Every structure is written in structure tokens, then in C-alpha cells.
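Q: Encoded as C-alpha cells, here's the structure I'll be asking about.
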Amino acid sequence: MAGLSPADDRPFPPGEYPVVIVGSGPGAIQLSYALRSAGVQHAIIGADAAPGGMFLKWPFFQRLLSWTKPYAPADHETRAYERFDWNSLIADEPNARAIMPTFMDGTSYFPSRPEMEQNLQAFVERTGLQIRFGCRWTSTRQVDGPNGPEFILETTDGEYRTPTAVFAVGIAEPYSPPTPGGELAAHYAATRSPETYADRRVFIIGKSVSAFELATGLLQWARGITLASPSPTKLSVNTRSLVGVRARYVQPFEDHVLGGGVTVLDAQILGIERDGDRGFVVTTRSGAEGEPMRHRADDVISATGFVSPLQDLPALGVATFGPSKLPAQTPYWESATVPGVFFAGTITQASGGLKKHGLPANSGAVHGARYNARVLARYIAETRAGLTFERPSLAPGELLEFVLRQLNEAPELWHQKAYLARVLSVTAEDGIRDAGILPLANVVDAGGPDAIVITLEADGTGAIYPVIYIRSGGKIEEHQLDPEPMMDFRGPVHRRQLAEIVGRLVPDATAG
Amino acid sequence: MATREEIADALSSMTLFSDLTTPQLLGAAGRFEEAFFPAGERVLRQGLSGSAFHVILDGEASIVVDGTQRATLARGEFFGEVSILLGESPSADVVATRPLRTIVLAGPAVESFLVEHPKVMFRMLQAQARRLRNANRWRD
Chain A
6 MAGLSPADDR PFPPGEYPVV IVGSGPGAIQ LSYALRSAGV QHAIIGADAA PGGMFLKWPF
66 FQRLLSWTKP YAPADHETRA YERFDWNSLI ADEPNARAIM PTFMDGTSYF PSRPEMEQNL
126 QAFVERTGLQ IRFGCRWTST RQVDGPNGPE FILETTDGEY RTPTAVFAVG IAEPYSPPTP
186 GGELAAHYAA TRSPETYADR RVFIIGKSVS AFELATGLLQ WARGITLASP SPTKLSVNTR
246 SLVGVRARYV QPFEDHVLGG GVTVLDAQIL GIERDGDRGF VVTTRSGAEG EPMRHRADDV
306 ISATGFVSPL QDLPALGVAT FGPSKLPAQT PYWESATVPG VFFAGTITQA SGGLKKHGLP
366 ANSGAVHGAR YNARVLARYI AETRAGLTFE RPSLAPGELL EFVLRQLNEA PELWHQKAYL
426 ARVLSVTAED GIRDAGILPL ANVVDAGGPD AIVITLEADG TGAIYPVIYI RSGGKIEEHQ
486 LDPEPMMDFR GPVHRRQLAE IVGRLVPDAT AG
Chain B
7 MATREEIADA LSSMTLFSDL TTPQLLGAAG RFEEAFFPAG ERVLRQGLSG SAFHVILDGE
67 ASIVVDGTQR ATLARGEFFG EVSILLGESP SADVVATRPL RTIVLAGPAV ESFLVEHPKV
127 MFRMLQAQAR RLRNANRWRD
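Taken in sequence, the protein lines are chains A and B.
Take any residue in the first sequence, note its place counting from 1, add 5, and you have its number in this note's numbering.
Take any residue in the second sequence, note its place counting from 1, add 6, and you have its number in this note's numbering.
If you want it as C-alpha cells, here you go:
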């Protein structure tokens with residue numbers, strides 16, 4: 006490893022490491038914690054001066070979109086509580102579990118941004134995680150190593166060499182689509198403090214969550230607000246999922262339909278021009294045959310999203326796709342085109358899994374990505390570090406209660422529906438073994454021994470229901486169980502259904 | 007491929023969308039999502055519920071029934087619509103044979119999209135009619 010200057014006592018100086026994590030937000034922190042628990046040596050470097058990533062700055066109005074319930078049907082120290090706490094990182098130590106509610110002041114079940122920052126900082130302190138702050142990744146190249154390809158990460162502190170590079174750099178680089186005069190619009194990231202929009206006409210390009218977040222925050226300030234984009238607004242209360250504008254930002258939509266001064270347009274943005282010294286004119290067109298409309302505005306804000314700051318990774322061969330230029334990934338969050346490059350945090354949403362009924366997993370938020378990180382750490386430990394982990398055995402008589410407990414309490418299944426699954430292998434030699442939480446897409450596609458695969462799923466109608474996949478002789482069968490209004494699957498109907506399904510592989514599993 | 011405009015441009019050269027005006031193409035591009043599948047990855051899975059409708063932007067895929075390859079699909083061709091229209095699970099796997107980019111419409115969104123774009127529905131019917139004719143010729 007390279008030498009340190011005497012004044013620099015930061016951890017992880019430039020050098021060679023089995024794994025290097027780039028980032029210091031929740032995704033990177035969670036992965037570092039999980040790798041350490043798995044016994045994998047690694048370095049973690051971040052450009053910021055403190056843990057937190059995007060939460061050091063955003064959301065713009067300083068209030069999160071993801072909730073934590075200080076009072077919930079499960080006790081804070083249990084795994085079941087994680088279902089109700091979307092913002093704490095997950096740990097084994099009791100004092101590092103369910104940290105988020107301990108910082109909340111009771112004014113909202115959406116933590117404030119500073120509370121979230123405190124939550125992440127406390128996690129790092131209580132778990133004793135080491136992070137090298139103030140170290141910015143600047144470029145990447147691939148070289149031949151003794152055991153295969155390796156990566157050289159150039160940073161502001163020097164070179165890091167590793168066969169396994171994990172990028173947890175978020176999706177926070179402002180993006181605006183090419184539009185004539187588009188440079189006249191300020192991006193969401195450059196929005197001014199709300200009071201500076203007092204009595205002004207604000208035109209927001211975009212109708213996604215960030216556009217409605219801005220509109221919500223400006224309702225009490227702006228003289229008028231127009232939101233416009235070609236596609237109709239989707240509301241999460243209609244999609245019965247996290248797809249669409251979330252419930253707490255729907256107020257501008259109600260204002261629009263009641264004629265209160267907010268206008269929501271399905272329209273193509275044709276261009277933006279200056280309106281002399283009195284602001285701007287935005288030209289739009291609604292529908293295929295619509296006449297162009299001109300909108301006068303004092304401010305134009307582009308709430309058109311963010312891309313992932315992958316720097317030179319595409320030049321290295323990392324394939325990207327979609328408007329956020331996300332890296333294409335395997336079910337284990339490895340680049341689909343450059344082996345050895347992995348991703349963690351919100352970028353893992355690009356590994357879409359089965360996306361059944363069009364519903365995405367929650368990998369774009371802390372409450373989904375934190376479980377992906379734990380699965381990824383174990384995968385890296387097994388496939389890159391040669392470590393093995395015990396797979397606990399289950400007696401046939403314990404099987405049914407185990408499955409029921411997973412369906413009712415396992416936070417991985419509740420937060421990553423149809424995406425992460427609890428897998429029980431069933432073989433003549435080994436009996437029933439708990440193979441752990443695995444990506445469902447890999448389980449159904451990669452083959453393997455006979456297995457019982459436990460998931461929770463949803464179909465966009467509002468129903469949440471168990472789905473059990475049985476892998477037998479290499480073939481997969483899907484068994485969907487009935488939903489239950491109280492979402493408690495321990496009743497006699499589900500016991501009977503489950504006993505019949507798991508009985509196909511384990512005939513002596515009893516109904517308990 | 008990334009922006010709505012680029013996707014709309016790609017759609018304009020495909021038979022399925024050839025009757026749409028530029029604003030309609032932009033609207034359609036906003037309804038679909040882009041997806042990428044490395045070679046060897048399954049896109050549709052035989053017998054599993056909740057699948058989607060795909061149109062190939064780039065690359066190649068195979069239709070595989072019970073492990074036997076039946077056909078190859080390329081740019082501009084589409085798949086997944088039959089199971090969605092019938093409300094059933096796919097009767098075949100679709101597997102990327104080369105790196106594959108598609109645009110995807112979730113199953114529950116297909117009916118409203120087709121009803122709002124009858125010209126696309128007509129082109130889809132034409133394609134289905136050709137497939138049926140070819141299947142009947144093969145049986146003769």
C-alpha cells in the first residue's frame with residue numbers, strides 16, 4: 006500500500022484491496038457493514054466529508070418521502086419492525102438497530118432530512134464502520150491481474166487496485182432532456198429557497214414525483230404553477246404501488262382539478278424563450294393535433310430527473326439504459342457487460358428482477374436497497390472471497406411454521422416483493438436447508454436442487470399475497486395463495502394451502 | 007438509447023408504430039420503459055404470471071417452448087402480447103440470444119394503450135394474422 010502523510014490518519018489509504026466500495030451514502034454504508042459481517046476485507050471511499058450521500062442535501066424541502074413509524078405493531082428490536090421502518094439501516098447489534106425513530110421529533114412519520122442524516126451518522130458511529138471521506142473517484146481503467154481482470158480506480162488521494170469494484174454513487178446527477186431553449190430552465194437541483202418564488206408564475210417541466218414535490222412546496226408561495234410533460238400523471242394511490250406521484254404530493258393535483266390556480270398539462274414542451282425582461286415563454290402542444298400554447302412564466306424549473314454519475318464506466322464497457330442511464334445488471338447487481346463491477350444502493354433498481362405485473366421492487370429506496378446490500382455481500386463473500394456460510398437445517402415438522410413466519414414477519418419479503426425470496430433447498434442427502442434470502446430472478450432462472458421458494462407479491466390491485474415457487478427436477482411451478490384482508494397469513498386457510506404446496510416436496514410436513 | 011425523443015425516433019421506423027404522428031410517438035415513448043437483457047437472460051418465463059409486452063429496439067431473442075427453440079425475433083418485432091390478451095401466463099420462454107434492448111409495457115397497461123392507439127392495435131392484428139397464416143401453412 007502507498008505511504009501516508011503523517012497528518013493523514015484517514016482509513017483505507019490508496020493501495021490494493023480485495024473489494025473497493027465507492028460512495029458514503031446509505032447504500033455504501035449498508036454494504037460495508039454487511040461485508041464486514043461476512044468477513045470480507047474491503048475499502049470504502051467517499052467524496053463527501055461525512056456519511057449520508059444525497060441525504061446531506063436532499064430532498065429539497067428537507068422532508069423524506071419514506072416513512073418510519075415510531076409506534077408499530079412490532080417491537081423496535083425485532084426484524085418484523087423493519088417492515089414499518091423504511092429508513093434505518095439494518096444491523097445485528099441491538100444498539101444499531103431501528104435508529105431512525107430515536108431521532109424523530111413526533112411532527113411527522115416522514116423523518117426530516119437532518120433527522121435522516123443523524124440516523125446514518127449514528128449507524129456509522131455505533132457500528133464502528135471506517136470510511137475514507139474526502140476521497141473522490143475520478144476515473145477507472147481495467148488491467149490484467151494474476152487471477153483475472155482488475156480495476157484501477159483513480160481518486161483524488163491516489164490509485165486503488167481491486168478485482169471487485171462496487172459503485173454506490175446514487176442517481177443524483179441532474180438531467181434535462183434536449184429542448185430548444187432548455188438552458189433557460191433551472192434544474193430541480195438548482196431550485197432557490199421557496200420564499201423567493203413569492204407571487205411569481207412558476208412553470209415546472211415534468212410531472213413525476215420531484216415535479217409534484219416542488220409544486221407542493223411552492224403552493225403557498227407561487228402566484229400560479231403549471232406542470233407539463235407529454236405523459237399523463239400517475240398517482241401511487243391509483244397504481245397501488247410506489248409507481249407514480251406519492252400520496253403526500255397529490256395536493257397540487259387536487260388544486261388543479263378544483264381550479265385553484267395550479268394547471269397540470271399533458272403536453273409536449275416545444276421550446277423556451279425569453280419574454281423580454283419579464284421572464285420566459287414556454288411553448289407546448291397537447292395531443293397529436295393540438296395547437297401550440299404559449300405560457301408566460303417568471304421561473305421555469307426542469308424537474309426531469311437525474312442520472313447516475315457513472316463517469317467513465319460506460320467507456321470501460323458498462324452497458325447503460327433508460328433515461329437515468331442506469332447500468333444494466335445481473336440479478337446479483339454485477340454489470341451485465343463488465344464482470345467484477347458491482348453496484349449498490351439506489352442504482353440496484355436497474356436490476357429489475359421479474360417486475361411482475363409491471364411493479365418494480367423498492368431497490369430505489371433505502372428500505373429495498375438495504376436488503377440487496379446484504380444479499381450482495383454474501384454473494385461477493387462466496388464467489389469472490391471463497392468464503393462459505395452455514396445453511397441451517399430444518400426438520401420436516403418445523404417447515405410449515407417456518408414458512409408462515411417468513412410470510413408474516415420477514416422484512417425482505419415485505420419490502421422487496423417478487424424480487425427477494427427465502428429459499429429452502431430440499432435434497433435426499435441434506436434434507437431441508439435454509440439457503441437464505443436470494444434474488445428471485447436468479448432462483449427461477451439459474452436452476453439448482455429441488456427447493457421451496459417463499460415470496461410475497463402484489464399485482465397492482467392493492468392485494469398482497471404469498472407466492473410459493475416449487476423447483477422440482479429443474480422445473481419451476483408457481484403457486485399463488487389467497488390475499489388476506491389483515492395481511493396475516495397464519496389462519497387455517499393459508500395453513501391448508503401451504504401444507505398442500507410444500508407437501509409436494511416434503512410429504513411429511515405437517516399442518517402444525 | 008436513453009431519451010424519450012430517441013425512443014420515439016426508433017419507434018417511428020417500426021411497422022407497429024408507423025401510423026403514429028410525432029406527438030403520438032413521443033406520448034407512446036413515455037408510456038414504455040426501456041430494458042436491457044444480456045445474452046442468455048430470460049425475458050419472458052414460460053408458466054410464470056405477471057409478464058409484460060416487449061418491442062425489440064436492438065438485439066435478438068429466441069422463443070423457446072419446453073426447452074426447444076421455435077423462432078427468432080429481431081429489431082421491430084414484439085412479444086408477450088398473447089399471454090396478456092388472454093390473461094394467461096406465457097406459453098414460451100423468450101431468451102436474449104444477443105444483448106437485447108426492448109421497450110416494455112406492463113401487462114395491466116396494454117389494454118388501455120391499445121384502445122388509445124387503434125392504429126397500433128390494427129398493426130398488431132395484422133402481425134398476428136400473418137403469424138396465424140404462416141402457422142397454418144406449416145401445418146398443411
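Where is the CB? At the ideal position from N, CA and C, for every residue including glycine.
It should be emphasised that the depicted structure is a prediction, and the values quoted were computed from it without experimental measurement.
#1: Which same chain residues, not among the five before or five after residue 83 (chain B), have their C-beta less than 6 Å away from its C-beta?
#2: Hey, would you say residue 186 (chain A) sits closer than 7 Å to residue 277 (chain A), going by beta carbons?
#3: Closer than 8 Å is the cut-off here; do at least three beta carbon pairs connect the stretch 159 to 167 of chain A with the stretch 135 to 142 of chain A?
#4: Ignoring anything shorter than 4 residues or poking outside the stretch 302 to 345 of chain A, list the alpha helix (DSSP H) runs there in chain order.
#5: Taking any Cβ of chain A, which residues in the stretch 94 to 111 of chain B have a Cβ under 9 Å from it, in chain order?
#6: Going along the stretch 53 to 69 of chain B in order, which residues come within less than 9 Å of chain A, judged by CB to CB distance?
#7: Strictly below 7 Å CB to CB, what residues from chain A border residue 33 (chain B)?
#8: Quick one: what does DSSP say residue 352 (chain A) is sitting in, helix, strand or coil?
#9: In whole angstroms, what separates the C-alpha of residue 28 (chain B) from that of residue 14 (chain B)?
#10: Which partner residues does residue 484 (chain A) have in the DSSP bridge list?
#11: Please list, in chain order, all residues of the same chain as residue 513 (chain A) whose beta carbon is under 6 Å from its beta carbon, the five residues on each side excluded.
#12: Does chain A have any CB closer than 7 Å to the CB of residue 40 (chain B)?
#13: Relative to the C-alpha of residue 173 (chain A), which residue among A:31, A:468, A:120, A:307 is closest?
#14: Which residues of the stretch 168 to 183 of chain A have a Cβ closer than 8 Å to any Cβ of chain B? Give them in chain order.
#15: Just to confirm, is the Cβ distance from residue 53 (chain B) to residue 24 (chain B) under 7 Å?
#16: Using the Cα positions of residue 296 (chain A) and residue 307 (chain A), report the straight-line distance between them to the nearest angstrom.
#17: So, helix, strand or coil for residue 371 (chain A), using DSSP?
#18: Can you pull out the residues from the stretch 292 to 316 of chain A whose beta carbon lies closer than 9 Å to at least one beta carbon of chain B?
#19: Going by DSSP, what residue range makes up the alpha helix (DSSP H) through residue 118 (chain A)?
#20: Got a sec: does the ligand FMN put a non-hydrogen atom nearer than 6 Å to the Cβ of residue 234 (chain A)?
#21: Are any of the Cβ atoms in chain B nearer than 7 Å to that of residue 212 (chain A)?
#22: What in chain B is Cβ-close to residue 290 (chain A), meaning under 8 Å?
#23: Taking Cβ positions only, does residue 48 (chain B) come closer than 7 Å to chain A?
#24: Report the rounded CA-to-CA distance for residue 289 (chain A) versus residue 280 (chain A), giving the unit in angstroms.
#25: Ordered along the chain, which non-local residues of its own chain (more than five positions away) have a Cβ less than 6 Å from that of residue 46 (chain A)?
#26: Going by CA-CA distance only, name the one from A:388, A:164, A:13, A:85 that's closest to residue 1 (chain A).
#27: With a threshold of 16 other CB atoms inside 10 Å of the CB of residue 76 (chain A), please say whether the residue is buried or exposed.
#28: Out of B:56, B:30, B:36, B:91, which one is the CA nearest neighbour of residue 423 (chain A)?
#29: Is DSSP giving residue 57 (chain A) helix, strand or coil here?
#30: Taking only beta carbons into account, state which residues of the stretch 342 to 363 of chain A come closer than 9 Å to chain B, listed in chain order.
#31: Since residue 273 (chain A) is in the alpha helix (DSSP H), which residue starts that stretch and which ends it?
#32: In chain A, which residues lie with their C-beta within 8 Å of the C-beta of residue 113 (chain B)?
#33: Could you tell me whether any Cβ in chain A is nearer than 7 Å to the Cβ of residue 36 (chain B)?
#34: Closer than 9 Å between beta carbons: that is the criterion. Which residues of the stretch 443 to 464 of chain A meet it against chain B?
#35: Between the stretch 437 to 450 of chain A and the stretch 391 to 399 of chain A, can you find at least three pairs of beta-carbon atoms closer than 8 Å?
#36: Tell whether a beta-carbon distance below 7 Å holds between residue 481 (chain A) and residue 470 (chain A).
A: On the basis of the supplied data:
#1: Result list for residue 83 (chain B): 62, in chain order.
#2: Yes, they are a contact pair.
#3: Two segments are said to touch when three or more pairs of C-beta atoms, one from each, lie closer than 8 Å; by this definition the stretch 159 to 167 of chain A touches the stretch 135 to 142 of chain A.
#4: 318 to 321, all fully within the stretch 302 to 345 of chain A.
#5: For the stretch 94 to 111 of chain B, the beta-carbon criterion of a distance under 9 Å to any beta-carbon of chain A is satisfied by 95, 105, 107, 110, 111.
#6: Of all residues in the stretch 53 to 69 of chain B, the ones placed with a Cβ closer than 9 Å to any Cβ belonging to chain A are 53, 54, 55, 56, 57, 58, in chain order.
#7: By Cβ distance, chain A contributes 235, 236.
#8: The DSSP-derived three-state label of residue 352 (chain A) is helix.
#9: Each residue's CA atom was taken as its position, placing residue 28 (chain B) and residue 14 (chain B) some 8 Å apart.
#10: Answer by DSSP bridge pairing, in chain order: A:473.
#11: 401.
#12: It does; some Cβ of chain A falls within 7 Å.
#13: Distance check between residue 173 (chain A) and each of A:31, A:468, A:120, A:307 places A:31 closest, using alpha-carbon atoms only.
#14: Those residues of the stretch 168 to 183 of chain A placed with their C-beta closer than 8 Å to a C-beta in chain B are 182, 183, ordered along the chain.
#15: No. Outside cutoff.
#16: Going by C-alpha positions, residue 296 (chain A) is about 23 Å away from residue 307 (chain A).
#17: When DSSP states are grouped into helix, strand and coil, residue 371 (chain A) belongs to the helix group.
#18: The residues in question are 292, 293, 294, 295, 312.
#19: Unbroken alpha helix (DSSP H) run through residue 118 (chain A): 118 to 132.
#20: Ligands displayed in this structure: none; no statement on the ligand FMN is therefore possible.
#21: Contact with chain B is absent for residue 212 (chain A), since none of that chain's Cβ atoms lies less than 7 Å from the residue's Cβ.
#22: Ordered by position in chain B, the residues that pass the 8 Å Cβ test against residue 290 (chain A) are 29.
#23: The C-beta of residue 48 (chain B) comes closer than 7 Å to at least one C-beta of chain A.
#24: Looking at the two C-alpha atoms, the distance is approximately 15 Å.
#25: 23.
#26: Any question about residue 1 (chain A) goes unanswered here, given that chain A covers just 6 to 517.
#27: It is exposed - the Cβ of residue 76 (chain A) has fewer than 16 other Cβ atoms within 10 Å.
#28: That would be B:56, whose Cα lies nearest to the Cα of residue 423 (chain A).
#29: In the structure shown, residue 57 (chain A) sits in coil (DSSP, three-state: anything other than H, G, I, E or B).
#30: Within the stretch 342 to 363 of chain A, the qualifying residues are 342, 355, 357, 359, 360, 361, 362, 363.
#31: Where residue 273 (chain A) is concerned, there is no enclosing alpha helix (DSSP H), although the beta strand (DSSP E) it sits in stretches over 273 to 279.
#32: Listed along chain A, the residues sitting closer than 8 Å to residue 113 (chain B) by beta-carbon distance are 362, 363.
#33: Yes, because at least one Cβ of chain A sits closer than 7 Å to the Cβ of residue 36 (chain B).
#34: Against chain B - using a Cβ distance shorter than 9 Å - the residues of the stretch 443 to 464 of chain A are 446, 449, 450, 462, 464.
#35: As far as the Cβ criterion goes, the stretch 391 to 399 of chain A touches the stretch 437 to 450 of chain A, which means the pair count is three or higher.
#36: It is not a contact, given that the beta carbons lie outside the stated cut-off.
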